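So for the sequence shown, the working numbering puts the first residue at 5; every next one is plus one. Structure, as structure tokens:
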Amino acid sequence: MDRIDRKIIAELARDSAQTSEQLGARVGLSTSAAHRRVKALEKAGVILGYRALLSAEARGNPTTMFVQVTLVDQRQATMLAFEEALARTAQIGEAYLLSGESDYLLKVQVPEGDSYERVHRDVLSALPGVQRLVTQMTLRTLLAGN
């Protein structure tokens with residue numbers, strides 16, 4: 005990656021909906037050169053995809069919780085069953101495998117009209133291999149990453 009590729013990545017992180025013409029103008033390339041560079045970055049796996057940033061209202065005004073999950077053991081079968089079930093769980097926005105005291109950290113979003121108690125009881129506690137859940141509720145989002 006060169007300096008221009010890094011500029012393209014920074015521009016797309018700022019606004020991924022811009023046209024190749026707009027992107028080219030911002031990074032000093034023609035429209036076709038900007039388009040070719042973006043396609044090459046996608047093919048190389050540098051750009052993994054694009055997504056819309058939705059308002060809280062569009063997402064059902066969710067309350068965000070961070071949940072540390074400890075499994076009953078760390079056998080491959082236990083972790084795989086947990087991760088496969090997790091991928092089918094709509095309330096999970098992000099999930100991370102951790103080192104340290106807990107095995108996983110989950111970002112759980114509970115839409116307005118639902119309750120964390122129900123999600124905890126019916127969804128999270130029902131995931132395979134769960135031994136312990138420790139929940140922290142967010143009060144306010146200060147920075148949101150990409």
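All C-beta atoms, glycine included, are put in the ideal place defined by N, C-alpha and C. All values reported here derive from a predicted model rather than from experimental measurement.
A distance below 6 Å between beta-carbons, with the five flanking residues on each side excluded, links Met141 to the following residues of its chain, in chain order: Met69.
If you look at Glu98, you'll find it in the beta strand (DSSP E) that goes Ile96 to Leu101. Fewer than three beta-carbon pairs drawn from the region 105 to 120 and the region 36 to 49 are found closer than 8 Å, and the two stretches are therefore not classed as touching.
The closest CA to that of Val50, considering only Glu88, Gly117, Tyr120 and Leu16, is found on Leu16. For Gly133, the CB contacts under 7 Å within the same chain, skipping 5 residues up- and downstream, are Leu75, Val76, Thr82, Ala85 and Phe86 in chain order. Here DSSP, grouped into helix, strand and coil, assigns Arg63 to coil.
Inclusion of Lys11 and Val31 in the CB contact set at 8 Å is warranted, their separation being smaller than that value.
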